[in-house]
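Chains as they are written, first to last, in the working numbering: chain A, 1 to 113; chain B, 1001 to 1114. Don't be surprised by glycine CBs; every beta carbon is placed ideally from N, CA and C. No experiment lies behind these values; they were computed from the predicted model shown. Have a look at the structure below before the remarks.
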Amino acid sequence: DAGITQSPRHKVTETGTPVTLRCHQTENHRYMYWYRQDPGHGLRLIHYSYGVKDTDKGEVSDGYSVSRSKTEDFLLTLESATSSQTSVYFCAIRPGTGGGEAFFGQGTRLTVV
Amino acid sequence: AQSVTQLDSQVPVFEEAPVELRCNYSSSVSVYLFWYVQYPNQGLQLLLKYLSGSTLVESINGFEAEFNKSQTSFHLRKPSVHISDTAEYFCAVISTGGGNKLTFGTGTQLKVEL
């Protein structure tokens, strides 16, 4: 299995509080992605990174920010959590060479109450 | 912009019957295509991929997919399904022209019944 770890695996938080999810990899892959998975919507890209300090928005980036200060870590922050951000969040990594497939973490189940 | 359409949200099928899960993509440039599988309460696992060369690609557990550029499709097929194939299947695309955004379809839930 690809070395990718998400933390925490489960979190319950209150509306309006900040939340940070962490994705850690040991594969030295160039690309890292954050997705949210919701019934009927599949996986939707939030943000992705193509290198240290290089990030770009996905299709559902509003309300989320990311940071990548080291190759191995990609942080997703919900500045002020809302109930609409209740979801399962997946991190994925992908090597820099063309065509490589993405490897996924086990997911973080976030509930905003 | 690239996108992926999976036309069927659910596909029920009896064990040992054939199945086809449909996937269409849109992109203005060349693409890499993937099928991922997700079992309950797990992450996604790669099932198979098309990068270049032969348009028919196969997985180790009997699935196959065919890249059809003219129809912009990458349908997944299996001639005889098993109960253990019950899972959600996602089609995904990356445009080779840059950006490296990995875009997924909305998924197809395959339910294999006895």
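- S67 of chain A sits away from E79 of chain A, with the two beta carbons spaced by 8 Å or more.
- Distance between Y1032 of chain B and V1093 of chain B, taken at the CA atoms: about 6 Å.
- Within chain B, the C-beta atoms nearer than 8 Å to that of Y48 of chain A come from N1100, K1101 and L1102, in chain order.
- Fully enclosed alpha helix (DSSP H) runs of no fewer than 4 residues are not present anywhere in the stretch 1018 to 1052 of chain B.
- In this structure, the straight-line span from the alpha carbon of Q1042 of chain B to that of V1029 of chain B is close to 32 Å.
- Residue-level contact check: Y33 of chain A touches chain B, since one or more beta carbons of chain B fall below 8 Å from its beta carbon.
- Taken in chain order, the unbroken stretches of beta strand (DSSP E) that lie wholly in the stretch 38 to 83 of chain A and span 3 residues or more are 42 to 51, 54 to 57, 64 to 70 and 73 to 78.
- Distance from the CA atom of V112 of chain A to the CA atom of L75 of chain A, rounded to whole angstroms, is 18 Å.
- Sequence-distant Cβ neighbours of G42 of chain A in its own chain, meaning closer than 6 Å and more than five residues away, do not exist here.
- DSSP lists A:T111 as the beta-bridge partner residues of V12 of chain A.
- Under the three-pair Cβ rule at 8 Å, the stretch 93 to 109 of chain A does not count as touching the stretch 1006 to 1015 of chain B.
- Annotation for Y1039 of chain B: A1087 place their beta carbon closer than 7 Å to its own, counting only its chain and skipping 5 residues before and after.
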